[in-house]
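Undergrad: The following block contains the structure, expressed as structure tokens.
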């Protein structure tokens, strides 16, 4: 009889330990998923700020370099595509990366055009917009890095045994890194107007 009570006691301790481990593993996955969502929202904030700056920048450049219509149209088109992709509920991080890469390239071409206009480079409004854009590009870069770091931690936990069993049971889905696919778009646009 005593052996039965010992067996029941050991079984209860093991079962309680297993339940506590399951709860801990589940909560860790939830925390990491929330960190990913937070990281994505930080990118989202900076992208919206960037989208808001671009029309002002284009209008300022248009006043000095209106005949550069092709470049201005490319920036406007790339911005529209990026905003549309951003606002699409079905867009994934790969689509966002492509759209943002195209926008970064178009902005880079716009900055090259602006170099040819000394009056534009000296314009106070343009200089302020350029400074804000540079700051925003830096914040986007830091936000992307933070997001990708959180995705790395989440994916490591999600794919590690035995946590991967819990992740599968509770539908902790794979998260993609926010990558820019085009090599030319990996470089930040040059926005120096000295």
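In this note's numbering, the protein residues as written are 5 to 198.
Glycine residues also receive a C-beta, built at the ideal position from the N, C-alpha and C atoms.
As the structure is a computational prediction, the values presented were derived from the model and not from experiment.
Under 8 Å by Cβ, that's how I've got residue 69 and residue 124 pegged, so tell me the actual separation to the nearest angstrom.
TA: 6 Å
Undergrad: Between residue 28 and residue 154, is the Cβ-Cβ spacing less than 8 Å?
TA: no
Undergrad: Between the stretch 56-71 and the stretch 126-142, can you find at least three pairs of beta-carbon atoms closer than 8 Å?
TA: yes
Undergrad: Given the structure, does residue 81 come close to the ligand GTP, in the sense that its CB is under 7 Å from one of the ligand's heavy atoms?
TA: Inclusion of the ligand GTP in the displayed structure is not the case, the ligand content being empty and no account of it being possible.
Undergrad: Return the CA-CA distance between residue 130 and residue 61, expressed in angstroms with no decimal places.
TA: 7 Å
Undergrad: Extract the residue ranges of the alpha helix (DSSP H) inside the stretch 39-126, only unbroken runs of 4 or more that lie entirely within it.
TA: 73-91, 97-119, 122-126
Undergrad: With 8 Å set as the bound, which would you pick, yes or no: does the beta-carbon of residue 34 sit closer than that to a beta-carbon of chain D?
TA: No chain D appears in this structure, which consists of one protein chain only.
Undergrad: Buried or exposed: residue 16, going by 16 or more other Cβ atoms within 10 Å of its Cβ?
TA: exposed
Undergrad: Under three-state DSSP, which class holds residue 147?
TA: helix
Undergrad: Assuming the contact rule is C-beta atoms closer than 8 Å, residue 85 and residue 106 should be a hit. Round their C-beta distance to whole Å, please.
TA: Residue 85 to residue 106, Cβ: 7 Å. Contact.
Undergrad: In angstroms with no decimal places, state the Cα-to-Cα distance between residue 94 and residue 181.
TA: 16 Å
Undergrad: Report yes if the C-beta distance between residue 46 and residue 151 is below 8 Å; otherwise report no.
TA: yes
Undergrad: To the nearest angstrom, how far is the alpha carbon of residue 116 from that of residue 126?
TA: 15 Å
Undergrad: Below 8 Å on the Cβ atoms is my contact criterion, and I expect residue 158 with residue 40 to pass it. Report the Cβ-Cβ distance as a whole number of Å.
TA: 5 Å
Undergrad: Check the C-beta distance from residue 171 over to residue 33 and give it rounded, since I have them as a contact under 8 Å.
TA: 6 Å
Undergrad: Should residue 104 be labelled buried (16 or more other beta-carbon atoms within 10 Å of its own) or exposed?
TA: buried
Undergrad: State the DSSP-derived secondary structure class of residue 180, mapped to helix, strand or coil.
TA: coil
Undergrad: Please classify residue 164: does DSSP put it in a helix, a strand, or coil?
TA: Under the three-state reduction of DSSP, residue 164 is assigned to coil, being neither helix nor strand.
Undergrad: Determine the closest residue to residue 77 out of 142, 109, 184, with distance taken between C-alpha atoms.
TA: Nearest Cα to residue 77 within the set 142, 109, 184: 109.
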